[in-house]
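The structure under discussion appears below in the form of structure tokens.
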Amino acid sequence: MMILAWNCRGVAKPSFMSSFKRLVQLHCPEICFLCETRLSGEGLSRVRRRLDREWATYAVDSRGLSGGMLVLWRRGVATMDIFHNCSQQVVMVVSKPGAPPWVLCGVYASTDHRARRVLWQEITNLITQGIPTVVVGDFNCIQGENEKRGGAAYTDRLDRREFRDFVLRNGLVDLGFSGSKFTWCNNQSGSARVWERLDRAFASPDWILRFPTCQVSHLPRIASDHCPLLLSTSSVRAHHSPFRFEKVWLSYPQSWDVVRDAWRTPVRGDAMQAVSRRLELTKRRLRRWNREVVGNIFRRLEGVESSIAELQRKEDLGGALMEDDMSDLRGLLATHHSLLRQHEIFWRQKSRVQWVREGDRNTRFFHRSTIIRRQRSLIHSLRDETGHRVEGEQTVRQTLFDFFRARWTEDDEASHSDRPLRVDRGIGDDERASLIRPVLAQEVQEAVWALATDKAPGPDGFPPFFFRKYWGIIHRGVVEAIQCFFVQAAMPEDWKATFITLIPKRQDAVEPSHFRPISLCTTLYKVVAKIMVGRMKPLLPGIISYEQGAFVAGRNISHNILLAQEMMWDLQRAPKRRSLMAIKLDMERAYDRIKWSFLERALVAYGFHRRWIGWIMGSVLGSIPLYLMAHTVIPKMTLLRIERLLRSFLWGSHGGGHGVHLVAWEQVCRPTSEGGLGVQSLMGRREVLIARHAVRFLLEPHSLWSQVMAARYGCGGLEGVGRGRRVSFMWREIGRYLLTASANTRWLMGDGRSIDVTSEPWVDTLPLGRWPTMVSIEAAEGLRVCDLLAAGGAEWDDARLRQLFGVHLAARIRSIPLPGCAGSDVRVWGTSSRARVRLGDLTRVIQPEQDRGPDGDWIWRYGLHPRVALFLWKVFWDRLPTRAALSRCGWGIPAECGTCGAVESVDHVLFHCIWARLTWQWAEVPQEARSERLQFLHTMRQWLASTRTSQEAIRATCTVYQIWLARNARTLGDRRVSPRFAAEHARVQASEIMPTHSSDRPLTAQGTWGPPSASAAHQMVNFDGSVLDGGTRGGAGFIIRDPHSRVVAAGGCQLFDISVPEAELRAAWAGVRHARMVLQASSIILEGDSATVIRWIQRGETADGTDHPLIRDIRMMMGDGRAFLVKHVFREANGAAD
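Letter 977 of the sequence shown, counting from 1, is numbered 976 in numbering that gives the first Met the number 0, and no numbers are missing.
Printed below as a string of structure tokens:
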């Protein structure tokens, strides 16, 4: 169907009729909506007589020479029922035989924004009816700056914000356009000429589901200053869809048999060819199995829902169901829940939405996200490099092909110099060897698990989650194939095959340069690339200059953005006599234009092995998303508007209403352990992110940004930092938190040369100069910590410590470990071992302490369905929108229950109403859980914490949730759900949650300590550390045994102001140091129950890349060719050290 919408600016003018007939002749629309007809009465009658008899008409009279609308539709094509009309819109119901109806709303919005508010509300009321709706016409308003050119500068006026809010609240989707960007022009000359996009088409997601390939064309402006809009609902030619492994297949146990049989089938070729052929065989068998067994889940779901509705009608007419019918009902409900789960998984996978938890039953959301994503990805027309518009599938495809071929083709006239490149530094022999070492099976598995599971697959059709789920079946073949590639250095062509897809860089993408091509690679190719990236990553900091702020561990691209902002601030305030100029370079992505011959020469110059160079030629890098708030101070008013949207999303009603804010936003933003939802307050997060820059300035003094800011503003006393007239806004904001940041950092001992004894924290988080001590430490002022060491720097100068600090403080200082491999001192956050700060730790410091709210963490801790858990949270706060609650909020509705006449409180709805009591009886939940709200919550908390009663708790929570849903169905008049049906729904829902709930419980691993092989001369070192009183004190200990389990040595020490990982690391360092330095052990096995510390030692750094002095020292003692094994054991096997 074709729909023409046009603001014709008068149908009585001579040029209209000929222009209109020409449009009809060219585009053959079935429906025409004409606005601003400027006619009424006899004038409209004359126009009707001039039209062909095939057109039926409906008119809204103009008011004088303004306004007026005329609707025309071809007789016999569709039935048009005028549902509503006013001076700004005509609402029509369009229906065809054999198809459900939909609504067409023709709009001619007023130029007065106050009148447009009435129109927005009327359309909102229309959308809430739930009928698929398309809204098309002249809205007389624009949404943003990109929809206007010429005239006065754009301002974000109130009416434009209201227009955006109206679209957002109602979930309307802009259908886009092909053709000219603007739909209206004032037809003036020179600087007074203005273009705007006033005419457009919006549709509800349900309408787009009906017409997924719809498109809007902006036709040339003729006989009016507005473009005619042509809306087409016709389908495009279907394309062959490549194979995609569907995640829903994982819910069928038979899929494992299909995959297993395919991988057991003998095939020819080497390991790489064997994997390719088995994947192809798996693809064919899965297709056949899906066709024969799984079938169409959408039709199956419709059939099951029809059967359930039939049983419900039977119960309504004849009373209670027979036992056979109840058995059928239980089976149908179980099947229905299973199919709904598959339905959700299917659309979630298609939608590519990563942030919504699977299991939330957001099927409608996933479905709409998929359709909207597809709608916005369609390319109907383009403007080529000459500025001409091209249309048609073949023409658009050729235009894109020519554009990217020109970009990616090497310039024949470019220099092809073969001169060797000169580099400042390269990689060493050990690093070169580490890159080409044999690939282990564990390395392959880690690479597979590191891939994002739900990304779009390549031509193979198997996303990473296929490899993870069926790893037990396919792992041997995959590992051998990957290892085969690294031996042969030749990749099969099908591994290298890719799909190239175009992602719009902007909403109004009309040129080839507005699209970003990305490659969808096969999963096997991604595994190879992931292994190579993992090996190369540790080498990058040594060969890439520090000006490069991203893609290197320990560096942050936001520093470069802050530097650019600082430079622009300085440029804007520089006096004219300095004659400064800034040049903005729009650099193309390096990998789009780089010559592979140059890349190869660069790798040779850096000293990479020839085998590695052969592997890496052809690697593809991906883009890294940036988060605006991490490097920019967003205005507070902007954040307040965003928070308003978040509140509307949480409490908004269907159709975009304002809803009822049941719980205060401040409480919602609190942690779940304090009764909140853990939603982050953007205003609070803004301050925390600014404070993080202050912490980074102190903890990362060698970064380019820190060096520039220190040189510019000084880094002496922090009291006055950020003040003064010649200080940038960003630095002024950061300066507010420098004192706080400094007060929460401390030094880890290396060589002691960077630490001032009295003015900087190194014994704990408080400098010695601020300690409440009876000993005068003035003599230590100006000293560095290295001055307190004995000759050689291996021990403390005990006599000098007692002289300066007294006996007790000297003993405290002597407990600080002195690494044998000193190195530089490291500044870290608080009592941690990290040279970076976590946002959670910083939040606790920056944001003021509040009275702790009631503990609601138990609601989210035990794996309840997310919707059930959110409902339970509302019950926890006694904030359900009952009639009594809405009456108190001034909604003007009676507070009495519609069933029994009592005041409808939360207790009444869920426990005391006759419908609730009957549902509880059918559900057979113990009486103690269904008396009243507080008793119910207390019982649920106890039951969920116990394995024996957790299933009863899940059944009770699902029952109370279904009681509430049944109440809503009765109150809103949708349907009446009997108590027995509600109880059955709860039972089926609980049975779905129970397996997940039981599998989510933590498993306790048991184990005992065992000695090493008696034939090996290993010394076994077990270590452990712990803290008390929130880290103010703690202890570290170790025990050393020989291969015959005899205790050789043991030791321990008291610790102060320390974190648990730091205490564990102290214990490990003390044990290894004693074994090496005292026992002269040449072979050591180090065991501990801290997986974190074991990982740190194995990697040589903490999780955030901190070069910890103690880790550095342990790694040094591991060197010199000595046998050294680091193992993680469970706590039961570490009892002696504990």
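Glycine included, each C-beta is placed from N, C-alpha and C at the ideal position.
None of the values given here were measured: they were computed from a predicted structure.
Asked	Found
Contacting residues, own chain, Cβ-Cβ under 8 Å from Lys-1190 (five flanking each side not counted)	Only positions 0 to 1137 of the chain appear in this structure, which leaves residue 1190 out of reach.
Opposing strand residues paired with Gln-1053 [DSSP bridges]	Gly-1034
Check whether Gln-800 and Leu-787 have beta carbons under 8 Å apart	In the sequence on display, residue 800 carries Leu and not Gln. Yes, these two residues count as a Cβ contact at 8 Å.
Cα-Cα separation between Trp-101 and Leu-523, rounded to whole angstroms	47 Å
Cβ-based burial, Gln-961 [other Cβ within 10 Å; buried from 16]	buried
Exposure of Ile-582, with buried meaning 16 or more beta-carbon neighbours within 10 Å	exposed
Other residues of its chain near Ala-779: CB distance less than 6 Å, five sequence neighbours each side excluded	Val-756, Thr-757, Leu-803
Unbroken beta strand (DSSP E) run spanning Pro-99, endpoints	98-107
Beta carbon of Val-1140 nearer than 8 Å to that of Ala-740	There is simply no residue 1140 to check, as the chain begins at 0 and stops at 1137 in what is shown.
Residue interval of the alpha helix (DSSP H) (run including Leu-871)	865-875
Presumed contact (8 Å Cβ cut-off) between Ser-231 and Gln-214, rounded CB distance	5 Å
Residue of Pro-1108, Ile-1096, Thr-1101, Leu-1109 minimising C-alpha distance to Leu-1124	Ile-1096
Rounded separation between Pro-816 and Ile-1110 - CA only	12 Å
Separation of Gly-541 from Ile-623, as counted between CA atoms	Confidence at Ile-623 is low in this model, with a pLDDT of 26, below 50, so its placement is unreliable and no value can be given for it.
Residue closest to Cys-226, alpha-carbon to alpha-carbon, out of Leu-278, Leu-280, Asp-137, Phe-165	Asp-137
DSSP-derived helix/strand/coil call for Pro-516	strand
Under 8 Å between C-beta atoms of Ala-1035 and Ala-1069	yes
In chain order, each beta strand (DSSP E) run of at least 3 residues that lies wholly inside the region 1053-1108	1082-1087
Three-state secondary structure assigned by DSSP to Arg-360	Its pLDDT being 47, under 50, Arg-360 is placed unreliably in this model, and the coordinates cannot settle the point.
Val-827 burial status per 10 Å Cβ neighbour count (16 or more: buried)	buried
C-alpha gap between Ile-892 and Leu-909, whole angstroms	20 Å
Burial state of His-1017, where buried means 16 or more other Cβ atoms lie within 10 Å	buried
Validate contact between the region 103-122 and the region 59-73 using beta carbons, cut 8 Å, 3 pairs	yes
Buried or exposed by the 16-neighbour rule on C-beta atoms within 10 Å, applied to Ser-275	buried
Unbroken stretches of the alpha helix (DSSP H), 4 residues or longer, contained in the region 785-863	797-813, 838-845, 857-860
Proximity to Gln-120 [Cα-Cα], best of Gln-87, Ile-130, Arg-148	Gln-87
Residues near Arg-646 in its chain [Cβ-Cβ closer than 7 Å; skip 5 each side]	His-660, Trp-664
Integer-rounded CB distance, given that Asp-173 should sit under 8 Å from His-112	The Cβ separation is near 20 Å, so there is no contact.
Segment contact flag, the region 460-476 with the region 418-431, C-beta cutoff 8 Å, min 3 pairs	no
Nearest-angstrom Cα separation, counted from Glu-245 out to Glu-357	With a pLDDT of 45 at Glu-357, under the threshold of 50, the modelled position of this residue cannot be trusted; read the value that follows with caution. Going by the C-alpha atoms only, they are around 15 Å apart.
Below-8 Å beta-carbon distance, Pro-419 vs any chain C residue	The structure shown contains no chain C; it is built from a single protein chain.
Top-ranked residue by Cα proximity to Pro-252, from Arg-860, Trp-288, His-608	Trp-288
Cut-off 7 Å between Cβ atoms - residues of its own chain near His-907, not counting five sequence neighbours on either side	Cys-896, Ala-901
Start-to-end residues for the beta strand (DSSP E) that takes in Gln-1018	1018-1027
Val-532 and Ile-543 closer than 8 Å at C-beta	no
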